[in-house]
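*Asks:*
Protein chains in written order, with the working numbering: chain A, 5 to 192; chain B, 33 to 204.
#1: In angstroms, rounded to a whole number, what distance separates the CA positions of residue 27 of chain A and residue 41 of chain A?
#2: Distance check for residue 59 of chain B and residue 18 of chain A, CA to CA, integer angstroms please.
#3: According to DSSP, simplified to helix, strand and coil, what is residue 120 of chain A?
#4: So, does the segment 46–57 of chain A touch the segment 123–142 of chain A, judging by three or more C-beta pairs under 8 Å?
#5: Using only CA atoms, which one of A:16, A:61 and A:43 lies nearest to residue 137 of chain A?
#6: Buried or exposed, going by whether 16 or more other CB atoms sit within 10 Å of the CB of residue 89 of chain A?
#7: CB-CB under 7 Å to residue 221 of chain A, same chain, minus the five flanking residues each way: which ones, in chain order?
#8: Distance check for residue 190 of chain B and residue 35 of chain A, CA to CA, integer angstroms please.
#9: Leaving aside the five residues before and after residue 156 of chain A along the sequence, list all residues of the same chain whose C-beta is less than 6 Å from its C-beta, in chain order.
#10: Note the first and the last residue of the continuous alpha helix (DSSP H) segment covering residue 35 of chain A.
#11: Which same chain residues, not among the five before or five after residue 47 of chain A, have their C-beta less than 7 Å away from its C-beta?
#12: Helix, strand or coil: which one does DSSP assign to residue 103 of chain B?
#13: For the putative contact between residue 125 of chain A and residue 81 of chain B, defined by C-beta atoms under 8 Å, what is the C-beta separation to the nearest angstrom?
#14: Using a C-beta to C-beta distance shorter than 9 Å, which residues of chain B count as neighbours of residue 22 of chain A?
#15: Between the segment 55–88 of chain B and chain A, which residues of the former have a C-beta closer than 8 Å to a C-beta of the latter?
#16: For residue 72 of chain A, does the count of other Cβ atoms within 10 angstroms reach 16, so buried, or fall short, so exposed?
#17: Determine, using beta carbons only, whether residue 174 of chain A and residue 147 of chain A come nearer to each other than 8 Å.
#18: Could one say the Cβ of residue 162 of chain A lies closer than 8 Å to chain B's Cβ atoms, at least one of them?
#19: Shortest alpha-carbon distance to residue 150 of chain A belongs to which of B:46, B:74 and B:88?
#20: Please list, in chain order, the chain A residues whose beta carbon lies closer than 7 Å to that of residue 101 of chain B.
#21: Return the CA-CA distance between residue 120 of chain A and residue 127 of chain A, expressed in angstroms with no decimal places.
#22: Applying a beta-carbon distance threshold of less than 7 Å, which residues of chain B neighbour residue 135 of chain A?
#23: Return the residues of the segment 154–180 of chain A that lie within a Cβ-Cβ distance of less than 7 Å from chain B, sorted by chain order.
#24: Could you tell me the alpha carbon to alpha carbon distance between residue 177 of chain B and residue 10 of chain A, rounded to whole angstroms?
#25: Quick check for students: name the residue ranges of the alpha helix (DSSP H) that lie wholly in the segment 109–140 of chain B, counting only runs of 4 or more.
#26: Please determine, among B:83, B:50, B:186 and B:41, the residue with the shortest C-alpha to C-alpha distance to residue 205 of chain B.
#27: Determine, using beta carbons only, whether residue 77 of chain A and residue 15 of chain A come nearer to each other than 8 Å.
#28: With a Cβ-Cβ cutoff of 8 Å, do residue 63 of chain B and residue 176 of chain A count as a contact?
#29: Go ahead and pull the three-state DSSP assignment for residue 141 of chain A.
#30: I need the boundaries of the alpha helix (DSSP H) containing residue 46 of chain A, first residue and last residue.
#31: Please state the DSSP three-state secondary structure of residue 47 of chain B.
#32: To the nearest angstrom, how far is it from the Cα of residue 113 of chain A to the Cα of residue 178 of chain A?
#33: What residue does the alpha helix (DSSP H) around residue 134 of chain A start on, and which one ends it?
#34: Check whether the Cβ atoms of residue 115 of chain B and residue 24 of chain A lie closer than 8 Å to each other.
#35: Kindly indicate if chain B contains any beta-carbon less than 8 Å away from that of residue 85 of chain A.
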C-alpha cells in the first residue's frame with residue numbers, strides 16, 4: 005500500500021516512468037478482467053488501454069480508502085460493462101436459478117468432435133468458462149486467479165457479498181457438471 | 033447422524049475454509065463417505081485448475097503504447113507563466129498610465145471616491161455590528177478577525193501554491 009502510495013505520488017508529480025511501473029504491475033489484473041468480459045479479441049487491448057488512461061486521469065481523486073488494485077479492478081470492470089452495453093451484450097444473460105436443469109446449459113452449441121479435439125483439461129476448462137455468463141467468469145477470475153476475497157470482489161462488482169459467493173458456487177457447480185459430462189462423452 | 037450426502041454448498045464450503053455451521057458433521061461425514069470425498073476431490077481439482085494462469089497476455093508493446101497516449105501534465109508555475117504574468121501587470125500599468133495622461137479622469141475619480149466612501153461606511157457599520165455581537169457574546173473581536181485573516185490567507189496559499197502544483201490532465 006505504501007509503495008503504491010509513493011508510486012501514485014510520483015505519477016501525480018508528472019513522472020511517466022512511475023506510470024509505466026504501475027501499468028506493468030497491474031496489466032495482468034486488468035487483462036484478467038477485460039479478457040473474461042470482452043468477447044472480441046480486437047476490442048480487448050483497446051479496453052485495457054482505456055482502463056489505464058482512466059486510472060491516470062482519476063488518480064488525483066483516489067484517496068487510498070481501498071487497495072489500489074481493487075480500485076483499478078473496479079475501473080476495469082466498469083469500463084468493460086460500458087463496452088458491453090455499447091455492443092449490446094447482455095451481462096446478466098443466462099444467469100440461471102439453482103433449480104434450472106444443467107442439461108440445457110451443458111449441451112448447447114457444442115459438437116461432440118470438439119471434445120475429442122480438446123483433450124487437455126485446461127483448454128476444456130477455458131472453453132467452458134467462456135460459455136458461462138460474463139459475471140460468473142469474472143468472479144472466477146478474481147477469486148481464483150487474483151486471489152481476491154469476497155469483500156474485494158463485492159467492491160469491484162458492486163454486488164452484495166452473498167451474491168458474489170452464490171455466483172461463485174454456482175459457477176463452480178456448473179463447471180464441475182459440464183466437465184464431468186465431457187469426460188463421460190470421451191469415455192463413450 | 034444423518035445418512036444423506038453433503039450438499040453442493042456444503043462441499044464447496046470446504047474449499048475456501050469458510051465452513052457452514054455444521055462443520056463438525058461435514059468433517060465426520062467426509063471421513064466415512066467415499067462418494068462425498070470423491071465429489072470434494074473433483075472440486076479441489078477444479079479449483080487448482082482454475083487457479084492456473086490462463087495466459088491472458090497483452091502484447092509486449094502494450095505498456096509503451098499506453099504510456100505514449102498519456103498527455104504531458106501541465107507545469108505547476110512555469111518560468112514562462114511567471115514572465116507572462118509580469119508582462120501582463122506591466123502592460124496593465126502602462127495602459128492605465130496612458131489613459132490617465134491622455135484623458136480627463138477627474139469625474140471618474142470623483143465617482144470612485146464616492147464608491148470608496150460608501151463601501152468604507154458599510155464595512156465600518158458591519159464591523160461595529162459584529163463588534164457589538166461579539167462583545168455581547170464575550171468574544172474578542174480582534175482575535176476573531178486575525179483568525180479569519182489567517183484562514184483566508186491559508187486558503188489563498190493553498191489555492192495558488194498547492195492546487196496549482198497538482199498536474200492537470202487533459203485527454204485529447
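Just so it is clear, CB atoms sit at the ideal spot from N, CA and C, and this is done for glycine as well. Computed from a prediction, not measured in an experiment: that's the story for all the values here.
*Replies:* According to the structure shown:
#1: Cα to Cα, residue 27 of chain A sits roughly 20 Å from residue 41 of chain A.
#2: Taking the straight line joining both Cα atoms gives about 56 Å.
#3: Reliability fails at residue 120 of chain A, whose pLDDT of 45 lies under 50, so the model's placement of it is uncertain and the value that follows must be treated cautiously. Assigned with DSSP and collapsed to three states, residue 120 of chain A falls in helix.
#4: No: the two stretches stay apart, fewer than three of their Cβ pairs being nearer than 8 Å.
#5: The candidate whose alpha carbon is nearest that of residue 137 of chain A is A:43.
#6: Sixteen is the threshold: since fewer than 16 other Cβ atoms of the shown chains lie within 10 Å of the Cβ of residue 89 of chain A, the residue is exposed.
#7: Coverage of chain A is limited to positions 5 through 192, which leaves residue 221 of chain A absent and any answer about it impossible.
#8: Using only the alpha carbons, I get a separation of about 39 Å.
#9: Excluding the 5 residues flanking it on each side, residue 156 of chain A has same chain C-beta neighbours closer than 6 Å at 74, in chain order.
#10: Note, residue 35 of chain A: alpha helix (DSSP H), 20–41.
#11: Closer than 7 Å at the Cβ level, and outside the excluded window around residue 47 of chain A, lie 87.
#12: Residue state for residue 103 of chain B is assigned as coil, using DSSP reduced to three classes.
#13: Confirmed, Cβ separation roughly 6 Å.
#14: Residues of chain B passing the Cβ test: none, with the nearest at roughly 10 Å.
#15: Flagged, chain order: 74, 75, 78, 79, 81, 82, 83, 84, 85, 86 and 88.
#16: With 16 or more other Cβ atoms within 10 Å, it is buried.
#17: Contact flag unset, no.
#18: Residue contact with chain B for residue 162 of chain A: absent (no Cβ-Cβ distance below 8 Å to any residue of chain B).
#19: The candidate whose alpha carbon is nearest that of residue 150 of chain A is B:88.
#20: Against chain A, the beta carbon of residue 101 of chain B has neighbours under 7 Å at 53 and 57, listed in chain order.
#21: Any answer about residue 120 of chain A is weak, because its pLDDT of 45 lies below 50 and its placement is not dependable; what the coordinates show is given next. So the alpha carbons of these two residues sit roughly 12 Å apart.
#22: Chain B residues near residue 135 of chain A: none, gap ~15 Å exceeds 7 Å.
#23: Of all residues in the segment 154–180 of chain A, those with a C-beta nearer than 7 Å to a C-beta of chain B are 173, 176, 177, 179 and 180, reading in chain order.
#24: Straight-line spacing of the CA atoms in residue 177 of chain B and residue 10 of chain A works out to 39 Å.
#25: The segment 109–140 of chain B contains these whole alpha helix (DSSP H) runs: 111–134.
#26: Examination of residue 205 of chain B is not possible in this model, given that chain B is present from 33 through 204 alone.
#27: At a Cβ-Cβ threshold of 8 Å, residue 77 of chain A and residue 15 of chain A do not count as neighbours.
#28: No, the pair does not count as a contact, with Cβ atoms beyond the cut-off.
#29: Correct three-state label for residue 141 of chain A: helix.
#30: Note, residue 46 of chain A: alpha helix (DSSP H), 45–62.
#31: DSSP places residue 47 of chain B outside both helix and strand once states are collapsed to three, so it counts as coil.
#32: Residue placement at residue 113 of chain A cannot be trusted, given a pLDDT of 45 that sits under 50; what the coordinates show is reported in the next sentence. Spanning the two alpha carbons is a distance of roughly 16 Å.
#33: It spans 125–134 - the alpha helix (DSSP H) in which residue 134 of chain A sits, taken as one unbroken run.
#34: With contacts defined by Cβ atoms closer than 8 Å, residue 115 of chain B and residue 24 of chain A do not form a contacting pair.
#35: So, not an interface residue.
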